[in-house]
Amino acid sequence: MAVEAIQAVTELEERVKKQKEAAAVQNKQRLLEAQRAARLLVEQSRQQAEGEARQKMAQAEAQAAEWTQGVLDQAKQECEALKTQARGRLSEAAAFLVEKVVN
């Protein structure tokens, strides 16, 4: 009877040992899967952030181009106004010079 009890305890210890080993292997696999999933999530987040950054940069460039065009258009209008003024005074300046030369 004592031998049978010792044998039963030994078998139980062996089963517990195998269960612990199996649990350790399973935990290691779960950890690896969680790490893979985390890396994938980080990569997806990085790609999404890069896409958003590209989109915001494109919007900023479009706004800058629009603003630049507005400034250029305004400068062109101001230049045209100055040209018109200068052309209007050109005949006055020519008359003034002729008068100075003649007198």
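Whatever position you read off the sequence shown (first residue = 1), add 19 for the numbering used here. Idealized CB from N, CA, C, for every residue including glycine.
Span separating the alpha-carbon of residue i from that of residue j
i, j, result
"residue 41", "residue 28", "20 angstroms"
"residue 81", "residue 90", "14 angstroms"
"residue 93", "residue 106", "20 angstroms"
"residue 67", "residue 84", "26 angstroms"
"residue 53", "residue 26", "40 angstroms"
"residue 64", "residue 74", "15 angstroms"
"residue 70", "residue 76", "10 angstroms"
"residue 119", "residue 96", "34 angstroms"
"residue 122", "residue 102", "30 angstroms"
"residue 59", "residue 99", "59 angstroms"
"residue 61", "residue 55", "10 angstroms"
"residue 86", "residue 72", "21 angstroms"
"residue 45", "residue 57", "18 angstroms"
Element boundaries [alpha helix (DSSP H), containing residue i]
i, result
"residue 46", "21-121"
Heavy atom of the ligand PLP within 7 angstroms of residue i beta-carbon
i, result
"residue 101", "With respect to small molecules bound, the structure shown includes none, and the ligand PLP cannot be examined in it."
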